[in-house]
Structures are given as structure tokens and as C-alpha cells.
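Novice:
Protein chains in written order, with my numbering: chain A, 1 to 711; chain B, 1001 to 1711.
1. Check each candidate in B/1027, B/1030, B/1216, B/1696 and name the one with the smallest Cα separation from residue 1463 of chain B.
2. Which two residues bound the contiguous beta strand (DSSP E) that contains residue 1032 of chain B?
3. Can you name, in chain order, every residue of its own chain whose Cβ lies under 7 angstroms from the Cβ of residue 615 of chain A, other than the five neighbours on each side?
4. Enumerated in chain order, which unbroken segments of the alpha helix (DSSP H) with a length of 4 residues or greater are wholly contained in the segment 202 to 237 of chain A?
5. Distance, Cα to Cα, residue 221 of chain A vs residue 375 of chain A?
6. Here's the rule: buried if 16 or more other CB atoms are within 10 angstroms of the residue's CB, otherwise exposed. What is residue 255 of chain A?
7. Which residues in chain B sit within 7 angstroms of residue 702 of chain A, going by Cβ to Cβ distance?
8. Name the one or two DSSP bridge partners that residue 640 of chain A has.
9. In terms of DSSP beta bridges, what is residue 744 of chain A paired with?
10. Could you say which of B/1411, B/1338, B/1334 lies nearest to residue 1568 of chain B if we only look at CA atoms?
11. With a CB to CB cut of under 6 angstroms and the five nearest residues on each side skipped, what residues in its chain are close to residue 1246 of chain B?
12. In this structure, what does DSSP give as the bridge partners for residue 1328 of chain B?
13. To the nearest angstrom, how far is the alpha carbon of residue 343 of chain A from that of residue 16 of chain A?
14. Comparing alpha-carbon positions, which option in B/1483, B/1078, B/1709 lies nearest residue 1041 of chain B?
15. Taking only beta-carbon atoms, is residue 326 of chain A less than 8 angstroms away from chain B?
16. For residue 560 of chain A, report the span of its beta strand (DSSP E) as first-last.
17. Looking at the C-beta of residue 1604 of chain B, does it have a partner C-beta in chain A at a distance below 8 angstroms?
18. Note down, in chain order, each residue of its chain lying with its Cβ closer than 6 angstroms to the Cβ of residue 779 of chain A, except the 5 sequence neighbours on either side.
19. Determine the burial state of residue 1037 of chain B: buried for a count of at least 16 other Cβ atoms within 10 Å of its Cβ, exposed for fewer.
20. My output table needs one value for residue 428 of chain A: the three-state DSSP class, helix, strand or coil.
21. With DSSP run on the structure shown, which of helix, strand or coil describes residue 542 of chain A?
22. Tell me which same chain residues have a C-beta within less than 8 angstroms of the C-beta of residue 1202 of chain B, skipping the five on either side of it?
23. Suppose only complete runs of 4+ residues qualify. What are the alpha helix (DSSP H) ranges in the segment 1299 to 1383 of chain B, listed by chain order?
24. Near residue 269 of chain A, what residues of its chain come up, given a Cβ to Cβ distance below 7 angstroms and the 5 sequence neighbours on each side ignored?
25. Nearest CA to the CA of residue 1327 of chain B: which residue from A/611, A/458, A/185?
26. Provide the residue(s) that pair with residue 704 of chain A in DSSP beta bridges, ordered along the chain.
27. What are the boundary residues of the beta strand (DSSP E) that residue 1499 of chain B is part of?
28. Any beta carbon from chain B within less than 8 angstroms of residue 672 of chain A's own beta carbon?
29. Taking just the CA atoms, how far does residue 452 of chain A sit from residue 627 of chain A?
30. Can you find a CB in chain B that lies within less than 8 angstroms of the CB of residue 696 of chain A?
31. Any C-beta of chain B within less than 9 angstroms: which residues of the segment 449 to 462 of chain A qualify?
32. Give the DSSP bridge partners of residue 524 of chain A, in chain order.
33. Which word fits residue 1018 of chain B, buried or exposed, when buried means at least 16 other C-beta atoms lie within 10 angstroms of its C-beta?
34. Is it true that the segment 310 to 330 of chain A meets the segment 357 to 372 of chain A, where meeting means three or more beta-carbon pairs spaced less than 8 angstroms apart?
35. Determine the closest residue to residue 289 of chain A out of A/237, A/345, A/496, with distance taken between C-alpha atoms.
36. CA-CA distance, residue 339 of chain A and residue 401 of chain A?
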């Protein structure tokens, strides 16, 4: 079939190699209004622009200058992986440079798909003034210049050539941002050693010692983030400067690491997988097969005791034999993303089967309702099957991001929509909670409950949003995902276009361009218009979300309510420009219960609506704590749009009561027949106002809970 | 009233000072048969004798020789507080030296109080062969000589003079043990620096640096354990050798630490409270008031930010203002033991009120059913109110011990029985689970659940019993408590004798001696016989346990079922030798529920009988996991004595079922109306066999749970 004028390859992560076995190819997409545009505006105008000043204040850039010999002083930071904060910021900035200017308006003549008014979600967020409470850790002060430009309009941008831009993305990188990127790329290049090695911690603190502490040194982990940044920089700007740095480091690693008999001096792996998936991307970007081979070598050496055999380091059991995810969640998920990459590029069926098996085991037994992953604070560990605590849910923001990365690769590899179901859930909940509405404050851990009387430990694992972290892995990770979000939305195959995530904007396959207008997730109507199409018939595939129990598709005069196969509703026909498809997903709020083996939430329900998990916050329920509240699960839920609240949200209102517990003395356990009377009978009626989980902790500090007891 | 011949002061910890405001005084007691004698036999014949070889293998004794300059080599161990393992072992050994030979028989003519046969609880434990799985950490091998003498009889002991021995305790210290104690005391004395300072880590690893890292250095913590060992050694043996070492160190500390203006160079506290309660004991032992003053100074300096203000170090808020226990559990509890000591010795009413308030807050909101304390692995922290997880219950064995120490001081200070209620619960459950039946293997953490499919991390925080720990604080702490257990059993005041804990043995106040025969906790009958008594009337007070809903006391021709005041049934009369009092506590097994704010156990019940918390172990329920099991709370519980099992236990048998859960696909959450059917309806009936929690993990590795879902 002929390509349309606009059908250009996507700019983002995961550009498949020529021998890929993926069922689907990433398709270009753009977001121009609506829910995600508001979040991306915070990212583009607040989070990313503040990055360099924060990295300067925390010492990351100083370390690069020290390593280059252009500054004097002490290494700053507590970890051997502080360079990755810079690399992740560079990757985010690179994807941002490839963006259309945000705030773009829906073109004239486009119909708002629903009579209801869109909440104010497309505005720069407000109502979340940044308190001065949290200092940047490590005596790092946020410089004045890093203040958030609340509600600032996108600056006028200088257009710049960008061959890879999607059709609806006017190439208009921010000149200031481009200059900052150039400056920091120079810093990185300057810090590199002549043979390609680059890690400021080992160069400055460890006297140049290399690869002696693979378990904790993070040297290859750092290389991985450098490579990813370099690939993004190259794809987004066409510049080879950072890519040259990354290749030189990768070549160095390739000369050092290899199996016994390979002639390379070290048979080893990094305690933190990351370089593997990056090497696959480097292969994709350069066509150099040896990067793929190196990634294969690394992935297969985990689980054989090279690092002492700990689950923490993914070294207890090989992936090919593992029966469930385990150990440090982010380590496990980056490794699995690499496994999916390898299965995609090499056709390794055993690795694919292992990845499918582990994904199923993870979702079935170790995933929180929010998509959050990691049950233990200690060692940031997955925990045991069905061990899914609320107040101690770790659910690191980085784990949510890694999960999205892995699932996207699985979606492309297999073509099954379930992977994008999990991506949607994670994006709207476990991931998005990691950044404040104003883009200035962060959560490293994402609990599902903060108790009345909570004593917060502060620091990185605080349940209160924080300006920056001592271990600042999460903020630039959020930035790079938000800046590249359009690359997780759609795919294509020889038969057509698959829409994985619903946004307001455009999706462009090799064959066609489809425009989308929607107020999703506040409203369930998604209006799709075919803008470009070949003459031949092709299939438009719509993901029907796993949570959705009721939907309808209108396509011209026809209405469909199925069939849904592997999560897809497939519309095959000959399309003409202007053809409309309207998908209506029922957003009836619902009460959700868990598998009974999830002990932590027995006797509880959670409120959900569409892809959003809801929670109660103490601030909305004055007059007592949340831990005394019981929901009446027999009463209907009501929906209330609140444009004034939290940047504009739809709340869910439920009936509940507040228990009156008798004073039971000093011992809180008693024979069953002496237990307190049914709280519904003697409790005080309370109207419960649930807000989307992603928006919690944007007002005053207080209690929060997702799961609500029914009695 | 005249003293009887036998009424001598108790030998153990907490000997009140002359100005004490305590309501009660510790009374002497002895244990000669029954449940606790079996546990103490393991302690006396296995745990304590193995100590020196384990301390040698782990390097603790080597470090002392290094510090003394009598050996060469490197410091061994990972922590600045490894000396305390030696001190706690010395304290345990000292209390052991003050013991009557165990295995003493009930004298002729004594009646077994109950027609039932006593389970084999008084035998050396068996059925718990130590597997070779766990290596002593840190490359420490248990020497052959440390093998447990399973079922070995108490060796013949050389009698030695012991002025403080209780009347029923024939002075018969073990000559071998005495020699070991002497040898190790010499090692400690040899390591002390001329000015009294003693800490091998700082002397050997830190080049003699002192008091520069009070937050983590543990120097005063180590001094505290040295002082406690020295007081025990002095009380038990009359020797002043170790006491001289301790005083010299205490005097050094007193010359260095003090408030601004005191002329002492450092205004500071230790990151780990411990020295405070030890200094009160040193005051009690020596009469030197300045040790009491120093303890007062330290206690009052916590909570003022001297250590940076962290809750972890008890530095966030002063005790006098605190509203709940917080931070590192053992730190908090040792500090509170000291507060109780100070309130006792100085009459500080504000400190007493604070201790009472915090005890109530702790028991009401932060105590596990087992008496275990500490909800977080991370930072060994108390967690938030009602945050009481099962699988991640930390419940450090040392925290249970510290809780007993604090509660005993509160019991003496206030005279209220509730404190001994908590002691009983903790002794039989959260504490005793910390040591294996054979006395050779330990638990540092004491979870209330081990899930099916548990991946154990190994190491100190393993849910599997371990031969020794890298941080070996718990094993010698267990040893010292078991070796001094008789000192937590009874008290006296001017009106008579109070029996706090029921054992087979004797209780001796200043006035009287009472003999006790019982198979408690397997049987609920305690037969008390007055052996010595003055002619004047006095009051025998019996604690009626908080868990007990039905009891009866027969006293001659009379029967009492109350009144119970402050937890006590008080029998005031003129007694004659041979008078019998028979207390019958109903041991009907019961199902217990928790306060509804304890989210972790909503919809669950626990099985209890008398003071014992029960659990299910996977090994008793073949054919499936424990996490699918549901208990039928409507069916009666049955009791089955099992002399063959776990050294002889009474099991509780319940009716339950095993769920058949439909395959719900990859997502374990669903709308309430789609949740799996009631498991009772479609489950397979299963007979549930519950064993006492203290005896868990003495067979094969597997799952365990205390709280059982009812639906």
C-alpha cells in the first residue's frame, strides 16, 4: 500500500530494527489538548526548565566539570549513579525538543465530542502552591531562577528543522532548551575519559578504579542512561555529539565485558540492569549488531551468581527459569524490558515466553490497583505473591515507568491489548501521582494509604511531596516519560492502525492519519476522524479497556458493541477522509474488590471510574480521621465535575459513615463476640468525596486512603 | 511485721533504691518444673554454653584481645556495637550462675494440681533437629564444641556461696560456666583504656576517636550493656571485677557528658538509648547518686535535636511531650524503661505520667497480638497507629525483651496488673518465638505470617531460624532474659505478696513463701501452698489475666470469682503453713478479632488459648497453601494435647475450608459484583491444626499465619 505524505516514523523510544519480530510497529502520535496536554505543559514549562538549575544545585553538573578538569572542589552527592540524573534530564529535554509547541488549539471546525464542558484540565495547573516546607536535600537550595512559571504561556519558539517530526507536530524546539541541552552535552563529553569510560563517582571518588564493585557500582547502569539519552538526542535533533560519547563508552564496555573465552577481561553484569535495553536501542539507532549481542550476553548472565546470587540484583535465578518477578522492582523491570527487546529483535522464543509468564505472574499477584509495583521499602523489593500493603506500598515512581517501558515492548511484540491496559492504569495512577500538579514536587514512593496520625520520616521515602531527592532517580524519569508520551499511544501493522491510548490529538500510521477529540478520562466519548487514508481498505483497531464493561462504537450509520478480540475492537473497511468513528466508553463509577488472597484489603472496596483509581483525602473530610470511615457499598455512587478542584477533576461522591468505637481499654484485641457493634448501625453519616489518586497530596498534608472498609 | 527466715532480696535486675516510690518491690521466685523450666533448660544447657564459642567464631572476643594488645589481626564484625554481644552474654551467664540447678524435682508430697497428665514440657526439647542450612554469617563457623547437648541432664554443679540466692535456689553455679565468665571478664577488663573508655570498634577501627558520631557510634549503648552485665555479675557472684570496669567507664562518661555550663565538654546523647536504665541500676548497686543524675540528664536531652531531630533516635520530641511511641522500637523501649526507672527512683510525676500515657498509646495502637512491637523493617520503626502488618511485622526479638523490661518497671511503679498482662503475652508469644525449641537457632524478626511462595532474603531479617546473626543483638538478649526470668514473676509490698506470672516453683516475699504447682499454660489450674508465713494477716494477690473471661479461686472451703481490682484478686487473711489456694483459669480456646482500625486483619480471626497465640503452619496442612484457607468461625474449637509434637504442645483444632478460586485472568481486581463466590460455599473442607506461635518454624520451612480469614 502507498504511504501517505504524513506517515513518518516515530521519533521516540523503541524504534524497531529491520529484523524485528514485533507484531506491531510504533506509530506516530501527537497530543494537542486535554488531560495529558495539561500534564505535559507542566513538564515542558516547569519540570524540564527547572532541571539544569536543580542539577547544578545538587552538584551533578559540578561533578562533570570536576571530571573534565575544568573546575575544582569535592564530588557532590551520595551515590555512584548521580550522573544518571543528568542523562535522564537530557533524554527528557531531547524528547521535548522534538515536540510541537504545547497549548496548540484544536483546529477550527473540530467538534467537541460531548455536550458537557471539558474540565479545565488543559490549563496550567493551579491550586497547588508549592509550600516552602521541603528543602532540597543535601543542603541544596533551589535557585531562584528555578521557580515555576505558574500558568505561564509557552514561550514563542524558534522553528528548527526536524525530519522525524510527526505530521501534527510543528517542528519548533525551544531555543533556550536547545542551548541548555548543548551546554550539558558538552559537559558530559568533557568528562569522558579518552578510552570512553565515564562515571564521575569512580573517576573522582574511587581514584579511577573501575568495575571492581559491579554489585553496587552502577557503572553499566549509568552507561545505559547515557546511551538512552544519546539515542534520544540523536533522534530528536539529528546531532551526533552525544551519540558519539555513548558509542565510545559502549565500545569500551564491549571491549571489557564478555563470556569466558571471549578474550574480554571481565565476565560480569551490573547490579542494576539498565544498560541492556539501552544497548538494544543503540543497536537500533546505529545498526551495529554487536550492541545487540552484548545486551544478549548481559541478560543471560543474570541469575547465575556472578553478583552473589541475590534476588535484589536479579541474580538468584535466570529469567528463563523464573516463575515470578522478584527482588528490587526497578531492576527486575528494566531487565524484563530488555528481555522483551531481545525477543523482539532476535526472535528468542524462550525469552518471549519467560517475559509473558512473568508479566502474567506480576499482574496477577504483585501489582497494586494503581499499577504500582514493589511492596517493600526495604530493598525496594517486590515482596511475596499477594503481599500488597497499602500504607507501606513502595510503588516507586521509577518502577511505574519501568513497567510502562516493559509493557509497551510486550504490546508491540505480541500485539495483545492487555499490555496497554496495564500501561493506561499505570499512567493515570501509579505513575502520574509521582509528580505534583504544578510539576515542581515529587513522590518517590506512592503509598495507597496515609494513616491518621502518620509520622512522616521525611527524606526520599516521604509520603509528602518533596522538591528534589538525594537519590533523584524519579523526577527526570517522569520528565522523560511525559516528554515522550506520544510514543506509547498507537501502533501500526500491515493491516492498519491500533489506538492504544485515547488522547486529544492525532495518530499516524504508515497508512493513515486519524484525528482524535476527547475529554477522556473525564468523559467517555472519543471522536475519531480519518484525515488521511489510502484508497485500499485497512483496519482501525480500538483498544477496549480491560476495566470497561459497557461501550459502543458508532461508525457512520452502524453501531458496534463487539466483538473484542485480544482486547481489540477491529474496524476493517475502506476509509475516506472525513469518516468519523465515535467510541463511547461507559464511565459509570464502580466499586472494586480484590482477589481474596490480597489480605491487605479484605473487606474493603476501592472507587474507580474509567481508568482512574480514586482515593479519599483527609482534607475533604474534616471533623475526624479517615481511618474511622466506612463506605456503604449498597448505596449508589454519584459523579460531580469540579473545575475548581485540583486543576479540574471529576469527583465521585459516596455514602459512608464514621464509626463510633467504644473505649475498649488498653488492648485492641478481643473475643469475636465482644467486638464493637456494626459501625453502620451506630456511626454518623458522612458524605465521602473521592478524588483521583493521581491528584492526591497536592493540598495540605494529611491522611489518604484508596481502599475503604465496607464494615 | 517480722521477716521470715527465707525472705531475702531478689538477685535479678531492678533492685529498687532506698528512696524508691515503687508501689511494689520485686520478690524472689524460683522455677523448678513445667513449661518455663523446659525453656530455661535449653537456655542453660545449650544457648548459654554455646555462647563463648560463637562469640569467638564471630570475632567478638578476638576484638577484645586486639584492644588489649594481646593478639594481632583485624577487627572483626560490621558494627560499632559488637562488644555488646559479649556483655549481654556475660549478663546471661551471671544470672545463670545465680540459678538453682534446673531440672529440680517437685518435692515429695506435692500434689499435681490437675488430673490430666502434664505434657512433656519439662523435657529437653526435641523434634527440632538443627538443619545445616544456615551458616553462621560472616564466614563464622559454629565450632564443633558448640553442638547442643540434646536432652543432656544438668551437670553436677559445685556449690558456691551466694548470699543473695532466693530460698528455693540452692547455690550451685556451674564451675565451667564460672570459669568461662571469669575468662571473658578478664578479656573485657584487659581491653579497657586507662581512663575507663572501652569500645573496640572505636579503639581499633576509628583510631581511638571518641564521641564524634554519637548518632551511630553506640559508645554509650555499649557502656550500658557493660554496666548491666557488671551489675548482674556483682549481684550473682559477689565479684567486683567487672563492676570496677563498668564504674570506671561510667565515671569517664560522667566526666565527659553534661549540660552546658556543667564543665563537661560534651552536651550529648547516644543514638541508641540504653545507658540510661543501666546507670539507674548502677546507682542502685553502688548507691552513687551521680549515676542517677547522669541518667536523668540523658533521658531529658532526647527530643531536643541534639542528634538531628530524628524519630529514629528518639530525638524528635521529648518523652514528656510525646503522645505515642515512635521511631526505632528498641531505642524507644529502652528509653522508656529508663523513664520508668527514673520515675521510680526520683518520684518524677511528669515522667511517670508520660510513661503511662505512652504505654497506653502503644498497647492500644501499635502492639501486635503476640506482644510484638515494630511494624517496619525499614529503620526498625514502630510505624503509624494501627499499622500492624502480618507478613512484614518486624517485631524484633529485642523489642519484645525491651517491652518486658519496661512493663516490669511500670508494674512495680504503679502496682497495676495490666503491665504484667502484657509481659505474659509477650513472654509466651512475641519473645519466646525468638529462640528455637532446641536453643540453637534464632529469629531476629517475628512475623505473624509467612506467605505461600515466600522468597526468603536470608540474613538477619530472615523468616527462617538462623544459627547466629551478623547483628547478633537478639540471641544473648534472649539468654539474659530467660536466665533471669524468675525475677519478673512476683512482687511484694507491706501488705503481702503479688503473683504476676504463674509457674511451677516458689514465690518468696519479705513475709512469706508460697509454693506453686501447675501445668500452665497447658492446664489452667494453679495450686498454691503457703509454706512459710508470719502470724499476722497478709494479702496474697493473684493476677487474673486480661484474656481470662472465667476463673475461680478455691481457698479452703471458700470459692471466689471476684472482685478483681486493677487486675488483682486479693486474698487477705491470716495464713498458716500448708494453706492451699487453687486458682482455676478457664482455658477455653477462643477466636479473637482486632479493633477495626487494624486494617491488616480485617475479616480475620486469630486462635488463642490462655496466654498463647496460635498459628497455622503449612507443614500441618499438606495439599495446598495456607493463603487459600478460610476458617469457619461458627464451628466450635477443639483442644488436643500432643505430647509428641514440638516438645509437647496443646493444639487447637478448627473447621475450615480451602477456597476454589476461579481463574480471574491477569488482573486480580474486579467490580464487587463480579468477585469470587463465597469460599465456604464452594471450598473443600479442611481440618485446621493450630500450634502455639512460639513453637513455629521448628520443623521444615514453609508458610505460617496467625490471622485467618473468616470469608
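Glycine included, each C-beta is placed from N, C-alpha and C at the ideal position.
Specialist: Per the coordinate set shown:
1. What you label residue 1463 of chain B is simply residue 463 of the second chain in a count that begins at 1. Scanning B/1027, B/1030, B/1216, B/1696 for the CA closest to the CA of residue 1463 of chain B turns up B/1696.
2. Taking the second chain and counting its residues from 1, one reaches residue 1032 of chain B at position 32. Run containing residue 1032 of chain B: 1028 to 1033, per the beta strand (DSSP E) assignment.
3. If you number the first chain from 1, residue 615 of chain A lands on position 615. Result list for residue 615 of chain A: 690, 691, 693, 696, 704, 705, 706, in chain order.
4. 214 to 217, 219 to 237
5. Taking the first residue of the first chain as position 1, residue 221 of chain A is located at position 221. Taking the first residue of the first chain as position 1, residue 375 of chain A is located at position 375. If I take the Cα positions, the gap works out to 23 angstroms.
6. Mapped onto the first chain, residue 255 of chain A falls at position 255. Residue 255 of chain A comes out exposed.
7. As a working note, residue 702 of chain A is residue 702 in the first chain. Here the premise fails: no neighbours, minimum Cβ distance about 13 angstroms.
8. Mapped onto the first chain, residue 640 of chain A falls at position 640. DSSP lists A/651 as partners of residue 640 of chain A.
9. Residue 744 of chain A is absent from the model: chain A starts at 1 and stops at 711.
10. In the second chain, the residue the question calls residue 1568 of chain B occupies position 568. Selected option, being the one with the closest Cα: B/1411.
11. Here the question's residue 1246 of chain B lines up with position 246 in the second chain. Here the set comprises 1226, 1227, 1230.
12. Taking the first residue of the second chain as 1, we reach residue 1328 of chain B at position 328. Bridge partners of residue 1328 of chain B: B/1381.
13. Residue 343 of chain A sits at position 343 when you count from the first residue of the first chain. Residue 16 of chain A sits at position 16 when you count from the first residue of the first chain. Distance between the alpha carbons of residue 343 of chain A and residue 16 of chain A is about 12 angstroms.
14. Counting from one through the second chain, the residue named residue 1041 of chain B turns up at place 41. For the residues B/1483, B/1078, B/1709, the minimum Cα distance to residue 1041 of chain B belongs to B/1483.
15. Your numbering for residue 326 of chain A matches position 326 in the first chain. So yes, residue 326 of chain A belongs to the interface.
16. Here residue 560 of chain A refers to the residue found at position 560 of the first chain. 558 to 560 is the span of the beta strand (DSSP E), which, as asked, contains residue 560 of chain A.
17. Against the second chain, residue 1604 of chain B aligns to sequence position 604. So yes, residue 1604 of chain B belongs to the interface.
18. The requested residue 779 of chain A does not occur in the structure, where chain A is confined to residues 1 to 711.
19. As a first step, residue 1037 of chain B must be located in the second chain, where it is residue number 37. Under this definition residue 1037 of chain B is a buried residue.
20. Walking along the first chain from the start, residue 428 of chain A turns up at place 428. Three-state result, residue 428 of chain A: helix.
21. Mapped onto the first chain, residue 542 of chain A falls at position 542. Strand.
22. To locate residue 1202 of chain B, count along the second chain from 1; it is residue 202. Taken in chain order, the residues that qualify are 1080, 1208, 1209, 1210, 1217, 1219.
23. 1329 to 1346, 1349 to 1365
24. The residue you call residue 269 of chain A lines up with position 269 of the first chain. Result list for residue 269 of chain A: 214, 298, 301, 302, 306, 307, in chain order.
25. Residue numbering aside, residue 1327 of chain B sits at position 327 when the second chain is read from its first letter. Ranking the options by Cα distance to residue 1327 of chain B, first place goes to A/458.
26. Working through the first chain from its first residue, we reach residue 704 of chain A at position 704. Answer by DSSP bridge pairing, in chain order: A/450, A/617.
27. Position 499 of the second chain, counted from the start, is the residue given in the question as residue 1499 of chain B. Here the beta strand (DSSP E) through residue 1499 of chain B covers 1496 to 1499.
28. Reading the first chain from its first residue, position 672 is the one you call residue 672 of chain A. Closer than 8 angstroms to some Cβ of chain B, the Cβ of residue 672 of chain A qualifies, so yes.
29. Taking the first residue of the first chain as position 1, residue 627 of chain A is located at position 627. Taking the first residue of the first chain as position 1, residue 452 of chain A is located at position 452. Approximately 6 angstroms, taken between the alpha carbons.
30. Translated into the one-based positions of the first chain, residue 696 of chain A becomes position 696. No, residue 696 of chain A does not count as interfacial toward chain B.
31. Listed by position, the residues of the segment 449 to 462 of chain A near chain B (Cβ gap below 9 angstroms) are 449, 450, 451, 452, 453, 454, 455, 457, 458, 461.
32. Position 524 of the first chain, counting from 1, holds the residue named residue 524 of chain A. Partner(s): none; residue 524 of chain A has no beta bridge.
33. Reading the second chain from its first residue, position 18 is the one you call residue 1018 of chain B. With fewer than 16 Cβ atoms within 10 Å of its Cβ, residue 1018 of chain B is classed as exposed.
34. yes
35. Here residue 289 of chain A refers to the residue found at position 289 when the first chain is read from its first residue. For the set A/237, A/345, A/496, the Cα lying nearest the Cα of residue 289 of chain A is the one of A/345.
36. One-based indexing of the first chain puts residue 339 of chain A at position 339. One-based indexing of the first chain puts residue 401 of chain A at position 401. Answer to the nearest angstrom: the Cα atoms are 16 angstroms apart.
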